[in-house]
Amino acid sequence: MKKINFKIVLQMMGLLLIFNGGFMLVSALVSLFYHEEAAKGILYAGLISIGVGGLLQFITKGFKKQIKKREGYLVVTFGWILMSLSGTLPYILSGSIPSLTNAFFETMSGYTTTGASILNDIESMPNGILFWRSTTHWIGGMGIIVLTIAILPLLGIGGMQMFAAEAPGPSADKLHPRITDTAKRLWLIYFGLTLLEAILLKIAGMGYFDA
425 MKKINFKIVL
435 QMMGLLLIFN
445 GGFMLVSALV
455 SLFYHEEAAK
465 GILYAGLISI
475 GVGGLLQFIT
485 KGFKKQIKKR
495 EGYLVVTFGW
505 ILMSLSGTLP
515 YILSGSIPSL
525 TNAFFETMSG
535 YTTTGASILN
545 DIESMPNGIL
555 FWRSTTHWIG
565 GMGIIVLTIA
575 ILPLLGIGGM
585 QMFAAEAPGP
595 SADKLHPRIT
605 DTAKRLWLIY
615 FGLTLLEAIL
625 LKIAGMGYFD
635 A
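All you need for the numbering used here is the position in the sequence shown, starting with 1, plus 424.
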C-alpha cells in the first residue's frame, strides 16, 4: 500500500492560507479607506495567514508533484477546516467577534454559504469586517478548492483528484478536457457575474460599498 504524500497536502494547505491572507489584506485596505480601528487587526490576520502559508510552502518545496485521490480528499477535508480557522483571525484580532467558537461559526457559515450568523446587528460591524464576511461567502459560492485548482499549474500539479473530491454536479470528465482550464473559466464567469450584479445594484440606487 502506497503511503500518503503528506508533503503535497501541506503544500496545498500553504497555498490556501496564502490566498486567504491575500483576501484579508484587501479587507484591511477597505477598512483603512474608512479609517477604522479594525484595519490593524485585519492586517495582522492577513500577514499571519500569508506568513504561515509561505512557511508551509518553503518547508515542502522539492516534493514529488503528483496528487492522488487520497491526497485530494485530505486536501479538501483539511482545507475547509484550516481556511475556516484562518478566517477567524480578522474577527478575533479586530475585536469584532472575540470568541473563537463564534468566530469559527461565522467563518464556516460563510465558506459553506449557509447564511447563518451569530451577529445580532451585522450592519454595526466595521466595513472592513463586513467586506471580509462577504468575501468568505463569495469564495464559498464557488468553492475554495476550485480556486486552488485554477492556479495549480503554477506549481506543476494536476488538479483532477481535488476537483473530483470538491466539485458537485456533473462528473469531471464531462467538463472541459483540462480541469485547470475549467476551474479558471468557472471563476472568470463567477467574477463577471459578480461585477455585473454589483453594477446593476448601483444603478438601482445602492451605495458602492453595499453593491
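Where is the CB? At the ideal position from N, CA and C, for every residue including glycine.
The model shown is predicted, which means the values in this text are computed figures rather than measured ones.
query                                                                                                                                                                       : result
Could you give the DSSP three-state label for residue 430: helix, strand or coil?                                                                                           : helix
Classify residue 543 as helix, strand or coil using the three-state DSSP reduction.                                                                                         : coil
Give the straight-line distance between the Cα atoms of residue 629 and residue 623, rounded to the nearest whole angstrom.                                                 : 10 Å
Determine the burial state of residue 452: buried for a count of at least 16 other Cβ atoms within 10 Å of its Cβ, exposed for fewer.                                       : buried
Could you pull out every residue in the same chain whose Cβ sits closer than 7 Å to the Cβ of residue 556, ignoring the five residues on either side in sequence?           : 448, 451, 466 and 514
Figure out for me which residue from 431, 558, 516 and 547 has the closest Cα to the Cα of residue 533.                                                                     : 558
Can you give the Cα-Cα distance for residue 405 and residue 446, rounded to whole angstroms?                                                                                : Lying outside 425 to 635, the shown extent of the chain, residue 405 is not represented and no answer is given.
Apply the 10 Å Cβ neighbour rule to residue 617 and answer buried if 16 or more other Cβ atoms are within range, or exposed otherwise.                                      : exposed
For residue 522, collect the residues of the same chain with a Cβ closer than 7 Å to its Cβ; drop the 5 residues on either side in sequence, then sort them by chain order. : 516
My output table needs one value for residue 514: the three-state DSSP class, helix, strand or coil.                                                                         : helix
What are the complete alpha helix (DSSP H) segments, minimum 4 residues, inside the stretch 461 to 489?                                                                     : 462 to 483
Hey, residue 520 and residue 549 are a contact pair by Cβ (cut 8 Å); roughly how many whole angstroms apart?                                                                : 6 Å
Return the residue from the list 474, 485 and 524 that minimises the CA-CA distance to residue 429.                                                                         : 485
Can you tell me the Cα-Cα spacing of residue 594 and residue 458, whole angstroms?                                                                                          : Summary for residue 594: the model assigns pLDDT 48, below 50, so the residue's position carries little reliability; its value from the coordinates is reported in the next sentence. If you take the alpha carbons of residue 594 and residue 458, they lie about 43 Å apart.
Considering only C-alpha positions, which residue in the set 621, 551 and 499 is nearest to residue 454?                                                                    : 551
First and last residue of the alpha helix (DSSP H) that includes residue 527?                                                                                               : 524 to 535
Would you give the residue range spanned by the alpha helix (DSSP H) that residue 555 belongs to?                                                                           : 551 to 566
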